[in-house]
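So the structure is just underneath, and the comments pick up after that.
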C-alpha cells in the first residue's frame, strides 16, 4: 500500500510535468477514492511536478507556454484535492501578499511568481494588478503575511515600490514584513537602493528567495 | 560640446559604402519619451498624427540622433483589428480587451485597413509629416509589430501562450490574419517613403523556445520581410529579451539589422552572425539610461562600442530597447556625446 501511494504521487507529479491535465484530474480522483492523504498528495505530487517544471524552465527545456500548461494541470488537481484537506494542514503555511503596483496592468510575470510560490508551499494572497501601495500593507496586516512581493514592467511605476517600503517603515512593520521586488526594469541595484529585502530575475528564483527570507525570519 | 559634421543621412549613406564618417551612427531609441521634449501628455498622441510627428521631430532636433521612428505602443495594429486599448493619461498604452476571446471566433477577425481602421491613419499622417520635414536629412522609419506578437493581442496573451501547446493550428490561423495586417501597414509606410522596422517581443526565447519560434513566428516574419525587401527596403528587427539561440533564424528571416536587448551579448552576436547582419544595441534602457548617471551612460556606451564597433556588417550605438518615457535628457545627451567623443575610425586603445 505504501508503495502504491508513493507511486501514485509519482504519477501525479509526472502528469503535471507532462502537461496532462486530464490525467492529473483522474489521478487526483483516485487518490481521494483510495483515501490517501490529500495534503501529502499535493506536496509530493502536484507541487513536486510543478517544481520539476520550474527546474526544466531554468534549464531552458521548458518555456512560458509549457509552464502555463503545467500550472493549469496543477490547479485542476488542486481543485479536487484541496476539498479533502484535513484542517491540521491549514494555517501552518507562510503567507505572502503579491501584486502589480499601481499604474501597471502587465501581470504575466506576477502570475508565474504566484504559481511558483504556491508550489513552494506558500499561501499566496494575490491582489491582482494596478494596486495602490497602501493596499499591499493593509492586506499584509490583515492576513499576517511575512512577505510582500511587488511586480512592475513599467519604469513609471517603480516609485510605487518605494512607497510601500516607506509605509511599512512609518507603521513600524518593516522588521516583520519582508519586501521583494521584480519585473522587467527592476534590477538588484534598484532593489538595494530602495532598501528592499530581495530581488529575483525570474519566477523560480523568486520562490527560492522567498523561502530563504522566511527561514531567516524565523531564526 | 562636439558637433556633428554630417547629417544622419549623409553619415548612414557613407557608412553603408565604407566611406569616411564623423562618428558611428547612434540612436538612443526614444519612443513615447518624445512627449517630454515638447511637453505634451502621452495620451495626447492618441489619434493625433500631427502631434506624434511634432514630438518625434522635436526630439530628433534636440539630440541629433540617427533615426526617427513613428512608434507609440505595441497595440495599434491589434486595435485596428478590434482590440480595446487602455490609454493612461501620461503613460504608454496597454491592451485592455482583445477582439476575440475564443478560438471559435478566429474567422471573425479581419485584417486591418491602415487607411481607415483604428489609429493607423494618424500614424500614417505622422509618417507623411516626418518625410516632408526631415526626410532629406535623417532616415525615417515606421514601427511595425511583428505578426506573431500582434497575434497575441488578438485573442489575449495568456490564451495565445497556451494555444502554442494546445492548438497549434489556431496559432497559425491567428498569425496568418495578423500577417496580412502587418503587410498592409508596412506597404502603407513604404508608399509614404518610410522604412518599416519590426518589433517582435513575444518571439524572445525569454517567452518561447527556439523550436516554437521556428514553427510559429519565423515563417510569418520571413513573409513580412520578403514583402518589405520586394519593395526595396531593408529591415531592422528588434526582439526583446534573450535571443542568442535564434540569431541564426533572425538572419534567415532576412533581417538586415538586428537590434538586441541588453540581456544578450553584442560580442557574441557579432561573432555568430556579424558577417551577415548589422547589429545595434544594447545599453541597458532601464538600469543605465533611466536609472544611471551620465558617467554610467558613458561607460556603458563605450563598452558597447568596444564589443561591436568592428562588426563586419556595421554597428549602430543604441539602447537595448525603447527608452523608458522619463529617461533623463542628460543621459540621452550623454549617449550622443559619447558617440561624438569616440568619433571615427574608432581607436579601441583610446577608449576607457
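Protein chains in written order, with our numbering: chain A, 938 to 1156; chain B, 1402 to 1753.
Just so it is clear, CB atoms sit at the ideal spot from N, CA and C, and this is done for glycine as well.
Computed from a prediction, not measured in an experiment: that's the story for all the values here.
Under the three-state reduction of DSSP, residue 1681 of chain B is assigned to strand.
Cβ neighbours of residue 1647 of chain B within its own chain (closer than 7 Å, five residues either side excluded): 1606, 1611 and 1614. Per DSSP, residue 1522 of chain B is one residue of the alpha helix (DSSP H) stretching across 1521-1535. Taken through DSSP and simplified to helix, strand or coil, residue 1724 of chain B comes out as coil.
Looking at A/1148, A/1149 and A/1116, the one whose alpha-carbon comes closest to that of residue 1133 of chain A is A/1116. When DSSP states are grouped into helix, strand and coil, residue 1751 of chain B belongs to the helix group.
The C-beta of residue 1021 of chain A comes no closer than 8 Å to any C-beta of chain B. Considering only B/1687, B/1548 and B/1654, the residue with the shortest C-alpha distance to residue 1674 of chain B is B/1654. DSSP, reduced to helix, strand and coil, places residue 1421 of chain B outside both helices and strands of the structure shown, so it counts as coil. Leaving aside the five residues that flank residue 1419 of chain B on each side, none in its chain has a CB nearer than 8 Å to its CB. Between residue 990 of chain A and residue 1018 of chain A, the C-beta spacing is not below 8 Å. For residue 1071 of chain A, the three-state secondary structure derived from DSSP is helix.
Across the structure, residue 1147 of chain A and residue 1084 of chain A are spaced so that their CA atoms are roughly 8 Å apart.
With at least 16 other beta carbons inside 10 angstroms of its own, residue 1585 of chain B counts as buried. Residues of the region 1546-1564 of chain B with a Cβ closer than 8 Å to any Cβ of chain A, in chain order: 1558, 1559, 1562 and 1563. Per DSSP, the beta-bridge partners of residue 1541 of chain B are B/1469. The region 1423-1434 of chain B makes contact with the region 1730-1746 of chain B, as at least three CB pairs between them are under 8 Å. DSSP places residue 1630 of chain B in no beta strand (DSSP E) but in the uninterrupted alpha helix (DSSP H) bounded by 1619-1631. In the structure shown, residue 1490 of chain B adopts coil according to DSSP, grouped into three states. Closest by C-alpha distance to residue 1433 of chain B, out of B/1482, B/1639, B/1723 and B/1510, is B/1723. Between residue 1038 of chain A and residue 1044 of chain A, the C-beta spacing is not below 8 Å. At least 8 Å separates the CB of residue 1141 of chain A from every CB of chain B. For residue 1117 of chain A, the enclosing beta strand (DSSP E) starts and ends at 1115-1119. Counted as a single uninterrupted DSSP element, the stretch harbouring residue 1732 of chain B is not any beta strand (DSSP E) but the alpha helix (DSSP H) occupying residues 1730-1743.
Three or more Cβ pairs closer than 8 Å define a contact, and the region 1490-1504 of chain B meets that threshold against the region 1474-1481 of chain B. The alpha-carbon of residue 1753 of chain B is positioned some 24 Å away from that of residue 1679 of chain B. Residues of the region 1489-1510 of chain B with a C-beta atom less than 9 Å from some C-beta of chain A are 1489, 1491, 1492, 1493, 1495, 1496 and 1497, listed in chain order.
The alpha-carbon separation between residue 1518 of chain B and residue 1438 of chain B amounts to approximately 29 Å. In the DSSP assignment, residue 1694 of chain B falls outside any beta strand (DSSP E) and carries neither an H nor an E.
DSSP links residue 1639 of chain B through a beta bridge to B/1600 and B/1660. Residue-level contact by beta carbon fails for residue 1707 of chain B and chain A, as no gap is shorter than 8 Å. The residue among B/1710, B/1446 and B/1459 with its C-alpha nearest the C-alpha of residue 1521 of chain B is B/1446. For residue 1061 of chain A, the uninterrupted beta strand (DSSP E) segment begins and ends at 1060-1063. Chain order gives the chain B residues near residue 1003 of chain A as 1566, where near means a beta carbon separation below 7 Å.
The three-state reading of DSSP puts residue 970 of chain A in helix, counting H, G and I together. Going by DSSP, residue 1048 of chain A is part of no beta strand (DSSP E) but of the alpha helix (DSSP H) stretching over 1045-1056.
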